[in-house]
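Participant:
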């Protein structure tokens, strides 16, 4: 089973991202920073937050679905706020997407907030709402149940250090995983956790009997050359089963985050 986890960066590099996803065709795709704006006719909108300005692919969720047309897909919004089409505000939703190959049978799922709640009238003050989603699937080829959950950890403008809010979101994420997975079943947790590699978030998740693969394999970071800041770690993947292959994929660079690729 091939599991791919990636922060999609709002589709800023969609010309590279979409062909990559189509070619990789993972059994399970966990995608963060997904934009869903079905009511606009524009391909691009702009996110504005003070001096932080970022182009957003307006219907990224629909385009990812088209890249993997046979996959079952679910969009999990964390918030609805304003993007901009020139000087015109446009309401857009932002969150996670999970896509599952038709070779797998989805037999359970969980969705919930690990920080705050759905914000329908704007993205709100930092740190903003954060969502997690997971699927429990039956793998017919291997005759086993596998649980895969991902989250996008909260962004703190002060940095990636431990905070009470990050501890609480890790505990909520762990509770979601424990509630979804049955005893003895395969479990994978992944996502852009937005923390450093020594974070207590990883300790809380390891306590579920998981190994963290990015640090275990000695990778130097999970950011591509598009990311200009010195902190190179953000994305992680934890598992409780032997691994056939694990990679942090720096190239092709389809985001400012590296894709995490796992074969179980």
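Numbering (full-length UniProt numbering), first residue to last: 1 to 264.
No residue lacks a Cβ here, since even glycine has one placed at the ideal position from N, Cα and C.
1. Can you tell me which of the three DSSP states residue 39 falls into?
2. What residues match up with residue 139 in a beta bridge as DSSP calls it?
3. Can you tell me which of 6, 1, 35, 13 puts its alpha carbon nearest to the alpha carbon of residue 226?
4. Using 8 Å as the threshold, is the region 247-254 in touch with the region 209-224, meaning 3 or more CB pairs across them?
5. By the three-class DSSP mapping on this structure, what secondary structure does residue 261 have?
6. Could you name the residues of the same chain whose beta carbon sits closer than 7 Å to that of residue 139, not counting the 5 residues immediately before and after it, in chain order?
7. Return the residue from the list 172, 134, 94, 130 that minimises the CA-CA distance to residue 154.
8. Quick one, which of 164, 230, 243, 236 has its alpha-carbon nearest residue 273's?
9. May I have the straight-line CA-CA distance separating residue 134 from residue 41, to the nearest angstrom?
10. For residue 33, does the count of other Cβ atoms within 10 angstroms reach 16, so buried, or fall short, so exposed?
11. Taking the CB atoms as reference points, tell me whether residue 240 and residue 202 lie closer together than 8 Å.
12. With DSSP run on the structure shown, which of helix, strand or coil describes residue 234?
13. So within the region 136-202, which uninterrupted beta strand (DSSP E) runs reach at least 3 residues, ignoring any that extend past its ends?
14. Give the single residue among 89, 159, 144, 58 whose Cα lies nearest to the Cα of residue 43.
15. Which two residues bound the contiguous beta strand (DSSP E) that contains residue 62?
16. Could you tell me how far apart the beta carbons of residue 167 and residue 200 are, in whole angstroms, since I believe they sit closer than 8 Å?
17. Could you check the C-alpha separation between residue 89 and residue 36 for me, to the nearest Å?
18. Between which two residues does the alpha helix (DSSP H) harbouring residue 16 extend?
19. Would you list the residues sitting across from residue 85 in a DSSP beta bridge?
20. On a Cα-Cα basis, can you pick out the residue from 15, 53, 29 that is closest to residue 259?
21. By DSSP, does residue 216 sit in helix, in strand, or in coil?
22. From this set, 177, 228, 163, 55, which residue's C-alpha is nearest residue 198's C-alpha?
23. According to the neighbour-count rule (16 or more other Cβ atoms, all chains shown, within 10 Å of its Cβ), is residue 150 buried or exposed?
24. Give me the Cα-Cα distance between residue 246 and residue 73, rounded to the nearest whole angstrom.
Facilitator: In short, the structure shows the following:
1. Position 39 of the chain shown, counted from the start, is the residue given in the question as residue 39. DSSP places residue 39 outside both helix and strand once states are collapsed to three, so it counts as coil.
2. The residue you call residue 139 lines up with position 139 of the chain shown. Paired residues: 104, 144.
3. In the chain shown, residue 226 corresponds to position 226, counting from 1. Checked all of 6, 1, 35, 13; the closest Cα to residue 226 is 13.
4. Yes, they touch.
5. In the chain shown, the residue the question calls residue 261 occupies position 261. Strand at residue 261.
6. Taking the chain shown and counting its residues from 1, the one referred to as residue 139 is at position 139. Excluding sequence neighbours, residue 139 sits near 1, 104, 146.
7. Position 154 of the chain shown holds residue 154. Residue 154 has its Cα closest to that of 130, out of 172, 134, 94, 130.
8. No answer is possible for residue 273: it lies beyond the span of the chain, which begins at 1 and ends at 264.
9. If you number the chain shown from 1, residue 134 lands on position 134. If you number the chain shown from 1, residue 41 lands on position 41. Their backbone Cα atoms lie some 31 Å apart in a straight line.
10. As a first step, residue 33 must be located in the chain shown, where it is residue number 33. Residue 33 sits buried, since 16 or more C-beta atoms from the chains shown fall within 10 Å of its C-beta.
11. For this step, residue 240 is matched to residue 240 along the chain shown. For this step, residue 202 is matched to residue 202 along the chain shown. One thing to note: residue 240 has its Cβ no nearer than 8 Å to the Cβ of residue 202.
12. The residue labelled residue 234 in the question sits at position 234 within the chain shown. The answer is coil: DSSP assigns residue 234 none of H, G, I, E or B.
13. Those beta strand (DSSP E) runs which fall completely within the region 136-202 and span 3+ residues are 144-152, 186-192.
14. In the chain shown, counting from the first residue as 1, residue 43 sits at position 43. The shortest C-alpha separation from residue 43 is found at 58.
15. Within the chain shown, numbered from 1, the residue matching residue 62 stands at position 62. Here residue 62 belongs to no beta strand (DSSP E); instead the alpha helix (DSSP H) covers 60-67.
16. The residue you call residue 167 lines up with position 167 of the chain shown. The residue you call residue 200 lines up with position 200 of the chain shown. Right, their Cβ atoms sit about 6 Å apart.
17. Position 89 of the chain shown, counted from the start, is the residue given in the question as residue 89. Position 36 of the chain shown, counted from the start, is the residue given in the question as residue 36. Each residue's alpha carbon lies about 15 Å from the other.
18. The sequence position of residue 16 within the chain shown is 16, counting from 1. Where residue 16 is concerned, the enclosing alpha helix (DSSP H) starts and stops at 14-24.
19. Reading the chain shown from its first residue, position 85 is the one you call residue 85. Paired residue(s): 88.
20. The residue you call residue 259 lines up with position 259 of the chain shown. Sorting 15, 53, 29 by C-alpha distance to the C-alpha of residue 259 places 29 at the top.
21. Translated into the one-based positions of the chain shown, residue 216 becomes position 216. Note: residue 216 maps to helix in three-state DSSP.
22. Sequence index remark: in the chain shown, residue 198 carries index 198 (1-based). Here the closest residue by C-alpha is 163.
23. Within the chain shown, residue 150 is the residue found at index 150, counting from 1. So residue 150 ends up on the buried side.
24. One-based indexing of the chain shown puts residue 246 at position 246. One-based indexing of the chain shown puts residue 73 at position 73. If you draw a straight line from the Cα of residue 246 to the Cα of residue 73, it is about 24 Å long.
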